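Numbering (our numbering), first residue to last: 5 to 766.
Each residue gets a CB set at the ideal place from its N, CA and C atoms; glycine is no exception.
Quantities reported herein were computed from a predicted structural model and do not represent experimental measurements.
Below: one structure, written as structure tokens.
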Amino acid sequence: MPITLESPIEAVLGNSKHATKFTKGLGLRTVGDLLYHFPRRYLRTADLSQTPQLHEGEMLTVLGEVVRSVVRQHTDRRTGRPAFRVETQLKAGTADLQLTFFSKSQRIAEWRRGVLAPGVRGVFVGKAGSFRGEWQLANPQMVVFGDPSDSENAAEAADNQMAVEELTELFPIYPLTAGLQHWDVMRAVRFARQVVEDPSTGSGHRVTDVLPEQLRETYAVPGLRDALDLIHAPHELKDVQRALHRFRFEEALGLQLVLGRRRRALQALGTTARTGGAHHLLEALDARLPFTLTKGQAEIGEELEEALAQPHPMNRLLQGEVGSGKTLVALRAMLRVVDSGGQAALLAPTEVLAQQHYRSITAMLGDLAASGLAGGLFAGDQEQTHVDLLTGSMTKTQRKGPLSRIATGEAGIVVGTHALLQDQVMFDDLGLVVVDEQHRFGVEQRAALTDKAGTPPHLLVMTATPIPRTVAMTVFGDLEVSTLTELPAGRAEIQTNLVSLVEHPAWIARVWERVKEEVEKGHQVYVVAPRISGDESEQGESDQRDFDADGNEVKAAPAQLSAVDEVTEELTTGPLHGLNVAKLHGKLPAEEKERTMSAFAAGDIDVLIATTVIEVGVDVPNATTMVILDADRFGVSQLHQLRGRVGRGGLHGLCLLVSHAEAGTPARTRLDAVAQTTDGFALSRVDLDQRREGDVLGASQSGRRSSLESLRVLRDEETILEAREAAEALLEADPELATAPLLAERVTEIEESASADYLEKS
């Protein structure tokens, strides 16, 4: 029976004692899984016949065979205690190299000598140095292959020897699991590449390629067989890049075809075009505005009106800096829908923000917003619409009226929190869903609201810093983008400084001195902490997760994080004694939260110590300074949103990012980026680079590894755009992909996967 990509992996592993490590440890089930288990990086092997050309301190990678290893005892000069070293002579090509491994334990030294027995081969990486006239590597990293002469049978020994001899200048480093060496993966991959066949031809010289030949030629990508050889056994880095380009293009094309078919299906399904005309609320609002719309607001308003008038759903991202007028743009779009006889819902992540939006919208509408009137959109000669608020803290009695008006269609605009997602909330004709600060909502939560419409509603997503998944969806072409670039009038520059308590622990005292100075000037200050009390987080919040280049999570050092309750006690009895300090977090009663915010807005509170409940929707012009404690526990979007609370009244703002993050860590990189720019759009790309795309085909938004295998949105943006062009051309000429059956099968597999249910829920 021929071995194909679909064959079980055991077909190439044989009786390998490591078989379960491949299947369970690495999750590789088929020969195709194995061949798509790509190296994560490559080491350049060195020709040690050129040892006179080596330089002290140069990083060196060598392939060689152990000649001998001995353990020697010496005295540690720092401690005066006995210590041990393993001295290993390595034959690399025509030259010898000394490897030295230091250890405090004789047992460890003896164990290492056993690992580095004569005849053992491996790759060794370390800094070149000289000792007693000989070149050496001290404490090198190593990948040991084992001794081919000790193999269980001659065939395996010959296979080992051949694989060693076939190693090129680039040594592949594979993702591994416990008990598995790079050597084991290399040998299995090498054998699989030799024996895998194309089931349609029985040929071992080619494998089934989902990319049609004409497409490969047009976009200059190698065939699958060539790409597999290039990525597993490259002779130079250009080989790796050619192979990676092929696999990234293949993945991008599959996703773009799925998205393209979904867009076509959604357009075919259609929605109600909202062209206005039934009423004149938008026209009346524009006449009442005490200012002229900015150029950007007017242009985007026209874009939205045109999109709402289409018989297929709008799916648009509205980007704009904090305070740039996104709410007014959204309100005008909502009124366009109400004028068309439909309803609009604005989904906000917190009650504070929902109440802020409700107050802001009713204030802008003035007498256009009905208050407690029954029936219709008219009160005498004056057109009006109900603007209703629905939040989780409202009593059953308080909710009765809004729920009734939402169900009958009397409520033209509904502002709410997660309470809008509950089953008992029924809309009469939901035409537009506006999601504010969408990085605070899950994909499923946003979809739950759009599902309440009889036909697919139009969707407008607003944010100052798009989440990684949203940036990814814009690159993939599944979200249209409108951007407000103008800064609002009265907004002042915000200076952001990193306060590193690792290098300068005493600086925290200066932070509180700076707070007192601002209060003495008559200004107010926010202090933000990542916890409520002890280790209790704000509901729905979690710490930012960081990952290294290989996708492994970088665990933050255990630490007692700042909490609102404890910080309030510490500051009121210590450095801020005598100031009017209050606290605010989500566990407080709604009345107390409202009372505290009102007092802070009125200037009765000097310093407000809070969690992220003040991240959005809080507008206090006299607040000039924000101190964010343990700032490394927050993501880029949150940090940018938080500091947007200051500098709102024409006064210069100051944001201090207090952190124990070590230099060189992802957390420190994130904080440095936030400190260096206030451009929310630039920061969204920093966020994307760190957190990756989230699950482009799934519910994950960020803070997890991407579902993309080879693609990275920022790095591969050009490839993704090429793939979209190719997908659109394919679908335009052949919507069913009948001329590319293998590609059609791939698209169907993606479409039928559980995660694909979320493609349209961006």
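Per-residue burial, residue i [other beta carbons within 10 Å of its own, 16 or more giving buried]
i      : result
His1   : With the chain represented from 5 up to 766, any question about residue 1 goes unanswered, as that position is not in the structure.
Leu381 : Bear in mind that the predicted position of Leu381 carries a pLDDT of just 48, short of 50, making it unreliable; the figure below should be weighed with that in mind. Leu381 should be labelled buried.
Trp115 : exposed
Gln402 : exposed
Gly578 : exposed
His443 : The pLDDT assigned to His443 is 44, lower than 50, so where the model puts this residue is not dependable, and the model offers no usable value.
Val447 : At Val447, the pLDDT of 46 sits below 50, so the modelled position is not reliable and the matter cannot be decided from this model.
Gly346 : buried
His527 : buried
Glu138 : exposed
Arg125 : buried
Gln145 : exposed
Glu749 : exposed
Val751 : buried
Gln260 : buried
Thr600 : buried
Ala513 : exposed
Phe105 : buried
His462 : buried
Leu747 : buried
His41  : buried
Phe26  : buried
Pro745 : exposed
Phe295 : exposed
Leu357 : buried
Gln642 : buried
Gly281 : exposed
Pro3   : Given that the chain is displayed from residue 5 to residue 766, the structure contains no residue 3 and the question cannot be resolved.
Lys242 : exposed
Leu293 : exposed
His249 : buried
Glu508 : Inspection of the sequence shows that residue 508 is occupied by His rather than by Glu. With fewer than 16 Cβ atoms within 10 Å of its Cβ, His508 is classed as exposed.
Leu407 : buried
Lys597 : buried
His656 : exposed
Nearest candidate by alpha-carbon position, reference residue i, set the options
i      : options                        : result
Leu232 : Phe251, Gln218, Val341, Ser109 : Phe251
Leu273 : His316, Thr279, Phe175, Trp115 : His316
Leu30  : Phe253, Leu184, Lys587         : Leu184
Leu2   : Gly345, Asp432, Gln360         : Given a span of 5 to 766 for the chain in the structure shown, any question on residue 2 remains unanswerable.
Gln564 : Gly538, Leu588, Leu583         : Gly538
Ser107 : Ala311, Glu490, Thr79          : Thr79
Thr92  : Ala727, Arg48, Arg72           : Arg72
Arg136 : Val148, Gln102, Phe128         : Gln102
Ala567 : Lys28, Pro739, Ser541, Ile618  : Ser541
Glu732 : Arg267, Phe195, Tyr362, Gln198 : Arg267
Gly607 : Lys525, Tyr223, Arg719         : Lys525
Gln218 : Leu633, Gly118, Ala730, Ala96  : Ala730
Val90  : Arg111, Glu740, Val211, Glu557 : Arg111
Glu387 : Ala349, Leu286, Gly458, Val506 : Leu286
Val485 : Gly324, Asn19, Lys597          : Gly324
Ala121 : Gln645, Glu69, Ala288          : Glu69
Leu488 : Ala132, Glu221, Ser328, Pro739 : Ser328
Glu173 : Leu394, Gly130, Glu557, His239 : His239
Val211 : Lys28, Leu9, Glu740            : Leu9
Gln768 : Glu666, Leu660, Asp550         : Outside the shown range of the chain, which is 5 to 766, sits residue 768, and nothing can be said about it.
Gly420 : Leu94, Arg719, Met398          : Met398
Assumed close pair residue i, residue j - CB separation to whole angstroms, cut-off 8 Å
i      : j      : result
Ile235 : Val225 : That belief does not hold up - the Cβ atoms of Ile235 and Val225 are roughly 13 Å apart, past 8 Å.
Arg45  : Ile177 : 5 Å
Val640 : Val678 : 6 Å
Val523 : Leu583 : 6 Å
Leu312 : Arg278 : 4 Å
Leu580 : Trp511 : Not a contact, Cβ separation roughly 16 Å.
Leu64  : Gly130 : 6 Å
heavy atom of the ligand HEM below 6 Å from residue i C-beta
i      : result
Ala224 : By its list of ligands, the structure shown contains no ligand whatsoever, and the ligand HEM lies outside what it can speak to.
Checklist line | Three-pair Cβ contact test at 8 Å for the region 303-312 versus the region 364-376 | finding: no
Margin query: Below 8 Å, how does it come out for the region 627-634 and the region 520-539: are there three or more Cβ pairs, yes or no?
Written below: yes
Check: Using 8 Å as the threshold, is the region 10-20 in touch with the region 181-198, meaning 3 or more CB pairs across them?
Finding: yes
Checklist line | Contained alpha helix (DSSP H) runs [length at least 4] in the region 523-576, N- to C-terminal order | finding: 568-576
Margin query: So within the region 273-331, which uninterrupted alpha helix (DSSP H) runs reach at least 4 residues, ignoring any that extend past its ends?
Written below: 285-292, 299-312
Margin query: So within the region 57-127, which uninterrupted beta strand (DSSP E) runs reach at least 3 residues, ignoring any that extend past its ends?
Written below: 63-79, 86-96, 99-107
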